[in-house]
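Asks: Pasting a structure here, questions to come.
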Amino acid sequence: FASGSTERSPVALDKRLNDALAFCGGEYLDGFVLEYVCPEELDSEHQLGQELQEAIDHVHSYVRENRVRYVMASTHSHRVGRALTGSAELDAIMLRYNMSHRKAAETISFPEALSKNIPVLAFTTTRWNRLQRASPAINTADCLTFALQHPAVEVVIHSARDEDELDDALLALFSSSDRSHWMPDSNVFGDEMAWNDDSYDEYPDESI
């Protein structure tokens, strides 16, 4: 079981943890995520802001109390991801990664995660299912396989719409042992495609 919060104050974090423990009926969570960390929470390109750092320190107190096993953070910004993996004592980090959002991950955040041995949990691997709609040659398993092949990625988070999609997604687990980076067609998701026309990207400079 895992939970998390976009709040940073100790009181709000404590409430979220207690609510999550009450909901699952357990004595501890496997993970607690400081969610949706934004660039405004950094003091500089590589330095976390005081409030964010204090929130991370507070969540570590849960680990010492045996109420949380692992401390994690999530962000849509790979520059923030680089700062988090470089400055924070995290057990894992959640980062967006897919065929249309690869360069920023592969050049900014993933190298730092690899150097610090911090596993990446990749999300938005299907870009809200838009990748499958963009090309008939792409299915959900392809999207997950692509993400799983990167050495920095240990886990892919995917929310299947139905049982059939879940079955398709699980195929990726049986085809991801080859770590050579795979792309179905170099022209399908070219670097010049205007992927931000759906307004899903908070950081357009990291959209490719």
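The sequence shown begins at 9 in our numbering and counts up one residue at a time. Even glycine gets a Cβ: it sits at the ideal position worked out from N, Cα and C.
Assuming L129 and S108 make a contact with CB atoms under 8 Å, what is their CB distance in whole Å?
Replies: As a first step, residue 129 is located in the sequence shown; it is residue number 121 there, counting from the start. As a first step, residue 108 is located in the sequence shown; it is residue number 100 there, counting from the start. In fact, because the Cβ distance is near 19 Å, the residues do not count as touching under 8 Å.
Asks: What distance in whole Å lies between the Cβ atoms of A96 and A81, which are believed to be in contact at a cut-off of 8 Å?
Replies: To locate residue 81, count along the sequence shown from 1; it is residue 73. To locate residue 96, count along the sequence shown from 1; it is residue 88. Their Cβ separation, rounded to whole angstroms, is 7 Å, which keeps A81 and A96 in contact under 8 Å.
Asks: May I have the straight-line CA-CA distance separating Q55 from Q61, to the nearest angstrom?
Replies: Indexing the sequence shown from 1 puts residue 55 at position 47. Indexing the sequence shown from 1 puts residue 61 at position 53. Approximately 9 Å between the Cα atoms of the pair.
Asks: Indicate the three-state DSSP secondary structure (helix, strand or coil) for Q58 in the structure shown.
Replies: Reading the sequence shown from its first residue, position 50 is the one you call residue 58. Three-state DSSP puts Q58 in a helix.
Asks: So for S108, helix, strand or coil by DSSP?
Replies: As a first step, residue 108 is located in the sequence shown; it is residue number 100 there, counting from the start. Correct three-state label for S108: coil.
Asks: Return the residue from the list Y105, L174 and Y211 that minimises the CA-CA distance to L156.
Replies: The residue given as residue 156 occupies position 148 in the sequence shown. When each option's Cα is compared against that of L156, the closest is Y105.
Asks: Sort out for me which residues DSSP pairs S13 with in a bridge.
Replies: The count along the sequence shown starts at 1 and reaches residue 13 at position 5. The partner list for S13 (beta bridge, DSSP) reads L42.
Asks: Near R72, what residues of its chain come up, given a Cβ to Cβ distance below 6 Å and the 5 sequence neighbours on each side ignored?
Replies: As a working mapping, residue 72 is identified with position 64 in the sequence shown. None.
Asks: Looking at N100: is its Cβ nearer than 8 Å to the Cβ of A160?
Replies: Here residue 100 refers to the residue found at position 92 when the sequence shown is read from its first residue. Here residue 160 refers to the residue found at position 152 when the sequence shown is read from its first residue. Here the sequence assigns Ala to residue 100, which means Asn is not the residue at that position. No, the pair does not count as a contact, with Cβ atoms beyond the cut-off.
Asks: Report the rounded CA-to-CA distance for E200 versus W136, giving the unit in angstroms.
Replies: For this step, residue 200 is matched to residue 192 along the sequence shown. For this step, residue 136 is matched to residue 128 along the sequence shown. The pLDDT assigned to E200 is 37, lower than 50, so where the model puts this residue is not dependable; a value taken from the coordinates is nonetheless given after this. Distance between the alpha carbons of E200 and W136 is about 20 Å.
Asks: Identify every run of the beta strand (DSSP E) within the region 58 to 128, keeping only runs that are complete inside it and at least 3 residues long; order them along the chain.
Replies: Runs of the beta strand (DSSP E) inside the region 58 to 128: 76 to 83 and 100 to 104.
Asks: What number of angstroms, rounded off, separates the C-alpha of E214 from the C-alpha of Y78?
Replies: The count along the sequence shown starts at 1 and reaches residue 214 at position 206. The count along the sequence shown starts at 1 and reaches residue 78 at position 70. C-alpha separation (whole angstroms): 28 Å.
Asks: As a quick exercise: from D150, C151 and R90, pick the residue whose alpha carbon is nearest that of Y123.
Replies: Within the sequence shown, residue 123 is the residue found at index 115, counting from 1. The question names Tyr, but residue 123 in the sequence shown is Ser. Ranking D150, C151 and R90 by Cα distance to S123 puts R90 first.
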